[in-house]
Each structure stands twice: as structure tokens, then as C-alpha cells.
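A.B. asks:
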């Protein structure tokens, strides 16, 4: 399906066109709304994450420690999104796969078998807090977007493409994408799952 769509509508798989198509469908600007809301709620989310206990709390602490090593906005946003999935008892690693640039052959093989995902390529020896060499979006084994600056923009683009192509959210990240939709994008906010409702209440306290 994706190959057919790309052949018929190649422009859709560009950042600007994804943004425009999402705006046409929902009347909401995709990139500015998502990132603006993420930045707006960062302090509230960090407060909620800080009080998370158990194994999830330890994972969140490890992820947020990366922001102490790098004050870059993209790194901070990426960490917040990763923590969001952990807080909701999901694992964004099922969606975001990281590779070293020296593993390009292996990465290409895995990407070709990926139904839906985001890949991150880092220079050999680079830490997770450092800027990646490449970030891209994969649908049905096809790299539909490449050279994105951050995992956050990868998530934004994937969210927009899912809407534009009428695809289902990843099963393993159902609550995470619900939070994207109903908290960050403020779409269909009347029906929230208990997990997302609980997060929203705590975040706004």
C-alpha cells in the first residue's frame, strides 16, 4: 500500500506536505501544535515523572539524566517522549530503533522488515545524548522520511502520516499515541482511557 501511495502521491512524504495534509483533515497545525504543547507541558510532565516509583521510575530517571549532559531542546523533547511511554507502561523502543552507522547493512535489513517505526542512526562511539546522524520514518518496510533532526519530529511525522493514511496506532504504544492525540494535539478529548486521564489530571495539578 505505502509503495503505491508514494508512487501516486510522492509529495505526501515530505515534512511540509504531511503538515498541510494534517491541517486539511483536522484544521490543526501538526508540527507547531505538537511541539508547542510538548514544551508547554514539559514542567508538568517532569513533575509527574519524578514521582513515578518502581522499575518505571528508575527507567525515567536514567532517561532524564541525559538532559543533564545536553541542554539541546531536541534532546530534552526526545527524553520527555521516551519517559511518557515508560510512564504509561509502554516502551517506545518497540517503535524507535537505534543503530550505529557502521551497522548500515544490518540496519537496512531490519528496516526492510519493519511495519511501522522510527530509526535513529548514530556515529560509532556517540552517546545517546548526542545529535544523531539521521532519523527517519518507516512504513511497510519503506523509508518514507529521512534526515529528520530528532526523534520528536519523527514521532510528529509518524503521527501525521497515520492520520493522513488512515492507519492504526502501534498496538504496543496505544496509550502513548492516545496521549499525543488527546493531550498534545487536543483532538477527540472527550473520551480518554483511564491511564491517559490519570496522566492528564496529575500533569495539570
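Residue numbers (my numbering): 1 to 205. Each residue gets a CB set at the ideal place from its N, CA and C atoms; glycine is no exception.
1. Considering only DSSP beta bridges, list what residue 96 is partnered with.
2. Would you check if the region 135 to 147 and the region 181 to 198 touch, i.e. whether three or more CB-CB distances between them fall below 8 Å?
3. Considering residue 106, what are the terminal residues of the alpha helix (DSSP H) in which it resides?
4. Beta strand (DSSP E) containing residue 211: first to last residue?
5. By Cβ distance below 6 Å, which residues in the same chain neighbour residue 136 in space, the five residues on each side in sequence not counted?
6. Rounded to the nearest angstrom, how far is the Cβ of residue 160 from that of residue 13, given a contact under 8 Å?
7. Taking the alpha carbon of residue 162 as the point to measure from, which residue in 8, 30, 7 has its own alpha carbon closest?
8. Note down, in chain order, each residue of its chain lying with its Cβ closer than 7 Å to the Cβ of residue 66, except the 5 sequence neighbours on either side.
9. Restricting to runs no shorter than 4 residues, where is the alpha helix (DSSP H) found entirely within the region 128 to 189?
10. Return yes when the Cβ of residue 73 is within less than 8 Å of the Cβ of residue 185, no when it is not.
11. Quick one: any contact between the region 55 to 66 and the region 82 to 102, if contact means 3 or more CB pairs under 8 Å?
C.D. replies: In short:
1. Looking at the DSSP assignment, residue 96 forms a beta bridge with 118.
2. no
3. 104 to 112
4. Absent from the structure is residue 211, since the part of the chain shown begins at 1 and ends at 205.
5. 119, 143, 145, 146
6. That belief does not hold up - the Cβ atoms of residue 160 and residue 13 are roughly 11 Å apart, past 8 Å.
7. 30
8. Contacts found: 75, 79, 128, 129.
9. 151 to 164, 174 to 179
10. Not a contact, by the Cβ cut-off of 8 Å.
11. yes
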